Each structure stands twice: as C-alpha cells, then as structure tokens.
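Structure record follows, encoded as structure tokens.
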Amino acid sequence: MRTDSKIVEALIRRTRELLDAPKDSLPFAEDPDANALINDLENYPHAFVLASIMDRQIKAERAWSIPYKIGKRLGSFEIDDLSSFSLEQIQRAMAEPESLHRFPSIMGENFYLGIKRIQ
459 MRTDSKIVEA LIRRTRELLD APKDSLPFAE DPDANALIND LENYPHAFVL ASIMDRQIKA
519 ERAWSIPYKI GKRLGSFEID DLSSFSLEQI QRAMAEPESL HRFPSIMGEN FYLGIKRIQ
C-alpha cells in the first residue's frame with residue numbers, strides 16, 4: 459500500500475472517531491443552565507444564534523446568558539413561543555426587572571428581529 463493511501467485511511471479513521479465522540483459542552487456563560495441551553499444545538503439552535511446577536515459592547519459571559527434569562531422571563535424558549543411575543547414584550551423582558559443588556563431597547567429589537575428571521 460502506498461504511503462499516501464495509509465495517510466488518507468488514518469485521516470478518515472480519525473475523523474470518524476472525532477465525529478462519533480461525545481461532544482463537550484463549551485462554557486460561553488458563567489451560569490451552567492445558560493451554557494446547557496446554548497450548547498443544546500439539537501433542540502435550541504436558535505439560542506446560539508440569538509446569543510451571538512447579543513454579544514455587543516458587554517462582557518461575553520453576560521451576553522451569552524441572555525437567551526436563557528429571556529426564556530425564564532417569558533416562560534419558554536421554544537422558537538414558536540418566542541415568535542408569538544411582540545417587539546414590546548421582548549424589549550420589556552430585556553429591560554425588566556433589571557436590564558439584561560447595556561442597550562435593552564435596541565438589543566431587544568435585535569433579539570426580536572433575530573427570532574423573526576429564524577422563524
């Protein structure tokens with residue numbers, strides 16, 4: 459067998475091992491529950507996208523916890539439920555009882571528009 463064929467086989471074998479290996483959870487936020495939501499790409503892929511949108515001009519750990527906190531404030535993080543909320547409801551959830559972002563109004567609008575785009 460040629461050397462390059464052995465290399466290709468080894469690379470394929472290693473790729474399969476990596477793809478079949480359990481996936482590690484990445485620590486985006488300081489809150490374990492927020493991390494669990496962000497890392498649950500199978501059930502909540504929109505959490506990762508919406509957290510990415512929130513990551514502006516605040517500490518990353520704070521931004522990446524916003525989807526979890528919004529879900530708690532609104533009672534659900536299912537995309538169909540999120541899409542049923544108005545812009546005003548999303549902005550209120552972003553701002554009250556304490557602001558989740560440095561710019562709650564505009565980031566609430568960005569969150570809302572992200573939901574609508576995903577939906």
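Start counting the sequence shown at 459; every next residue gets the next number (the numbering used here). All C-beta atoms, glycine included, are put in the ideal place defined by N, C-alpha and C. None of the values given here were measured: they were computed from a predicted structure.
- Between the beta-carbon of residue 521 and that of residue 505 there is about 12 Å, and that puts the pair past the 8 Å contact cut.
- In chain order, 508, 511, 512, 524, 528, 548, 552 place their CB closer than 8 Å to the CB of residue 569, counting only its own chain and leaving out the 5 sequence neighbours on each side.
- When DSSP assignments are scanned along the region 497-555, the uninterrupted stretches of alpha helix (DSSP H) that are 4 or more residues long and fall wholly within it turn out to be 503-512, 518-521, 524-532, 537-540, 545-553.
- Boundaries of the alpha helix (DSSP H) around residue 567: 562-576.
- Secondary structure of residue 492 (DSSP, three-state): helix.
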